[in-house]
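The sequence shown begins at 274 in my numbering and counts up by one. Structure record follows, encoded as structure tokens.
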Amino acid sequence: MALLLNILWNVPGLGFIPALFWLLAAVIMALTVIGLPWARACLMLAGYSFMPFGRRLVSREELTGAPSFGTGPLGVIANVLWFLLAGIWLCISHLTLAAAAAVTIIGLPFAWAHLKLAAASLFPVGKRVVPNEVADAVEFGQGRVALDRLREGSGERPWKQR
Numbered sequence: 274m275a276l277l278l279n280i281l282w283n284v285p286g287l288g289f290i291p292a293l294f295w296l297l298a299a300v301i302m303a304l305t306v307i308g309l310p311w312a313r314a315c316l317m318l319a320g321y322s323f324m325p326f327g328r329r330l331v332s333r334e335e336l337t338g339a340p341s342f343g344t345g346p347l348g349v350i351a352n353v354l355w356f357l358l359a360g361i362w363l364c365i366s367h368l369t370l371a372a373a374a375a376v377t378i379i380g381l382p383f384a385w386a387h388l389k390l391a392a393a394s395l396f397p398v399g400k401r402v403v404p405n406e407v408a409d410a411v412e413f414g415q416g417r418v419a420l421d422r423l424r425e426g427s428g429e430r431p432w433k434q435r
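Here it is, written out as structure tokens:
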């Protein structure tokens, strides 16, 4: 089903156009030394824009179980800069496209894809695009750890963010 939706997203839905713009942005950012962290994020979002169905965004730290540049203090700074300079505008554009796609019943899956891309475009540094099955396994692992802590009687509420 995801393959069919990805084909429909790209052929009549013109979903490949945002992917091409993300690729262009990645090339432009890679030409500067300071833009390299964002170039990697742009490449990731290009792939996600090209095939948004059957895939989700997860934190690299949650995926690997180890801290990384993108999830540490420098990643936060990179994400804040991204949000202020590009993220908010990209999010607004995807929200507008989602509203336009949601006008018809046939457009609802495409509206959902634009909503996923809107969320991804806000803070992309330190994230990875993975198949839905991998994202489910990551969430299951987090739930298992939280349940184990609760069963140990640590007194914490592991489902609440600190």
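All C-beta atoms, glycine included, are put in the ideal place defined by N, C-alpha and C.
Here K389 has P325 as same chain residues with Cβ atoms under 7 Å from its own Cβ, once five neighbours each way along the sequence are excluded. Under the three-state reduction of DSSP, V402 is assigned to strand.
Relative to S332, the option among E425, D421, G426, Q415 whose CA is nearest is Q415.
Taking a cut-off of 8 Å for Cβ pairs, the region 390-399 and the region 355-369 touch, as three or more such pairs fall below it. Measuring C-alpha to C-alpha distances from A312 to each of L287, A359, A386 identifies A359 as the nearest.
In the displayed model, L304 falls within coil according to three-state DSSP, outside both helix and strand. G286 sits close to F383, with the two beta carbons spaced by under 9 Å. Around the Cβ of N279, a 10 Å sphere holds 16 or more other Cβ atoms; the residue is buried. Here the alpha carbons of G338 and G399 stand approximately 13 Å from one another. Only buried fits N352, as 16 or more other CB atoms lie within 10 angstroms of its CB.
Here V411 is buried, its C-beta having at least 16 other C-beta atoms within 10 Å.
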